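Participant:
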Amino acid sequence: MSALLRVRDWLAHRRRFEFVATIAMVVALTAAGGALLLLPKSGLPTVPAATSSDSAPMTHADPQVPDLRRIMSSYGPVVAQQVSGDDGKLSVVLGHPYQRGDVDQLAREVGPAVTAVSEVWGTDWAHEAVVAVASGPSEFAALTHATGPVSNEVAAASVADPFVPGARPTGQRIVFAADAGRRLGPDGLRETLRHELTHVAARAQTVDGSPQWVLEGFAEYCGRRGGQQRFAQVAPTVTTRARAGDLPADLPADAAFVPSADTSAALAYEQAWSANAFVADRFGEPKLVALYRRLASGPQDRAALDHGLREILGIDHDAFVAAWREWIKARVAA
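Residues in the sequence shown are numbered consecutively from 1, following UniProt numbering.
1) Going by the CB atoms, is the gap between Val117 and Val92 shorter than 8 angstroms?
2) Just checking my contact of Trp121 with Thr239 at CB under 8 angstroms: how many whole Å lie between their CB atoms?
3) With distances taken between CB atoms, is the gap from Gly308 to Arg294 smaller than 8 angstroms?
4) CB-CB under 6 angstroms to Trp125, same chain, minus the five flanking residues each way: which ones, in chain order?
5) Got a sec: is the Cβ-Cβ distance from Gln81 to anything in chain D below 8 angstroms?
6) For Gln300, which residues from the same chain have a beta carbon less than 6 angstroms from its beta carbon, with the 5 sequence-adjacent residues on both sides left out?
7) What is the DSSP secondary structure of Arg173, reduced to helix, strand or coil?
8) Extract the residue ranges of the alpha helix (DSSP H) inside the segment 97–156, only unbroken runs of 4 or more that lie entirely within it.
9) Check Leu267 in the structure and name its three-state DSSP category.
10) Would you kindly check if the distance between the Cβ of Val83 and the Cβ of Gly111 is under 8 angstroms?
11) Measure the C-alpha to C-alpha separation of Ala333 and Arg224 and round it to an integer number of angstroms.
12) Residue range of the beta strand (DSSP E) that Ser84 falls in?
13) Which of helix, strand or coil does DSSP assign to Leu251?
14) So for Val234, helix, strand or coil by DSSP?
15) Do Ala272 and Glu220 have their CB atoms nearer than 8 angstroms?
16) For Leu90, which beta-bridge partners are listed by DSSP?
17) Suppose only complete runs of 4+ residues qualify. What are the alpha helix (DSSP H) ranges in the segment 159–229, listed by chain order?
18) Is the segment 69–78 in contact with the segment 99–106, if contact means three or more CB pairs nearer than 8 angstroms?
19) Between the C-alpha atoms of Ala113 and Arg310, what's the straight-line distance to the nearest angstrom?
20) In this structure, how does DSSP classify Gly308 when only helix, strand and coil are distinguished?
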């Protein structure tokens, strides 16, 4: 299990980093796997071929949708928007009537999100999304198979059914907390959707226990790709420390991503994002994707990490960290 607590400041400077945390769940909660996010409409593009299924049945959607509607209907009436992509693939966003604003916004964003993720990851995934907005912690837990209490910090989660490595995952969905839209705002909601959709796209190539700086940093890179924020806005803690001469000594360890009195999960996620952004900038996005596929193959000790970095980027761990540190210095000075 992994965790991302995007703590306070990304709703001001860091926007959603206050509210968003991402937890990769092997849903040992139910033996399924996934990732959890703890934590003006007139200007938005219209949804291609979007249909409301309040009164009309959905004719061609993910087979899990009827079960999701059944679960959600026990928490109140269900509304839905079905979105057809340019390739004919269907995505669906479900919620409750009083959440119509969030449902509509997510429906507007899901098509561009699929396109944005595919631009980086490629075409070897389903190219569709099932998104649900929960009414509260109980429904969120039901939709994510969580067996314990769900923190109020949780903003969104992606989950999937158990699957055999090499097979295409089923039952993949993204679940948003009831107040995610209010707390994240339009930009944060868009970034969170893209972050979680990256986990969905990459799930078949992701082995549990892989380095969190790879898994979460890559998803964060994809979620924020194309945005207009400067380095200091995306990584304020890294920036402040770098200006004081305190550059990362190494890539963040998995333990740093778990919120505690002794760790700054926000710093770990900023460092992870910056490491992935560095790879994309210095080596190109195809190499970033290749590095993810190589290092997301399971736990990586120092020797395995060295081998993977050499194989994909042509440099070892020490050279990677040194170049990454210099890249941060240049970004902070810009």
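Ideal Cβ positions, reconstructed from N, Cα and C, are used throughout, including at glycine. Note that the structure is predicted; figures quoted are calculated from it, not measured.
Facilitator: Taking the geometry as given:
1) One-based indexing of the sequence shown puts residue 92 at position 92. One-based indexing of the sequence shown puts residue 117 at position 117. Taking 8 angstroms as the Cβ cut-off, Val92 and Val117 do not qualify as a contacting pair.
2) Counting from one through the sequence shown, the residue named residue 121 turns up at place 121. Counting from one through the sequence shown, the residue named residue 239 turns up at place 239. That belief does not hold up - the Cβ atoms of Trp121 and Thr239 are roughly 28 angstroms apart, past 8 angstroms.
3) Taking the first residue of the sequence shown as position 1, residue 308 is located at position 308. Taking the first residue of the sequence shown as position 1, residue 294 is located at position 294. The answer is yes: Cβ separation under 8 angstroms.
4) On the sequence shown, residue 125 is found 125 positions in, with the first residue counted as 1. Excluding sequence neighbours, Trp125 sits near Ala201.
5) Here there is only one protein chain, and chain D is not present.
6) If you number the sequence shown from 1, residue 300 lands on position 300. Cβ within range, chain order: Pro211.
7) The residue labelled residue 173 in the question sits at position 173 within the sequence shown. Reduced to three states, the DSSP call for Arg173 is strand.
8) 100–121, 137–144
9) The residue labelled residue 267 in the question sits at position 267 within the sequence shown. Helix, per DSSP.
10) Reading the sequence shown from its first residue, position 111 is the one you call residue 111. Reading the sequence shown from its first residue, position 83 is the one you call residue 83. Yes, they are a contact pair.
11) Residue 333 sits at position 333 when you count from the first residue of the sequence shown. Residue 224 sits at position 224 when you count from the first residue of the sequence shown. In a straight line, the C-alpha of Ala333 is about 21 angstroms away from that of Arg224.
12) Here residue 84 corresponds to residue number 84 of the sequence shown, with the count starting at 1. Looking at the DSSP string, the run of the beta strand (DSSP E) that includes Ser84 is 79–84.
13) Here residue 251 refers to the residue found at position 251 when the sequence shown is read from its first residue. Coil, per DSSP.
14) Here residue 234 refers to the residue found at position 234 when the sequence shown is read from its first residue. DSSP places Val234 in helix when its eight states are reduced to three.
15) Translated into the one-based positions of the sequence shown, residue 272 becomes position 272. Translated into the one-based positions of the sequence shown, residue 220 becomes position 220. A contact, by the Cβ cut-off of 8 angstroms.
16) Your numbering for residue 90 matches position 90 in the sequence shown. Ser84, per the DSSP bridge assignment.
17) 180–202, 212–224
18) no
19) Stepping through the sequence shown from its first residue, residue 113 is reached at position 113. Stepping through the sequence shown from its first residue, residue 310 is reached at position 310. Looking at the two C-alpha atoms, the distance is approximately 32 angstroms.
20) Counting from one through the sequence shown, the residue named residue 308 turns up at place 308. If DSSP states are grouped into helix, strand and coil, Gly308 belongs with the helices.
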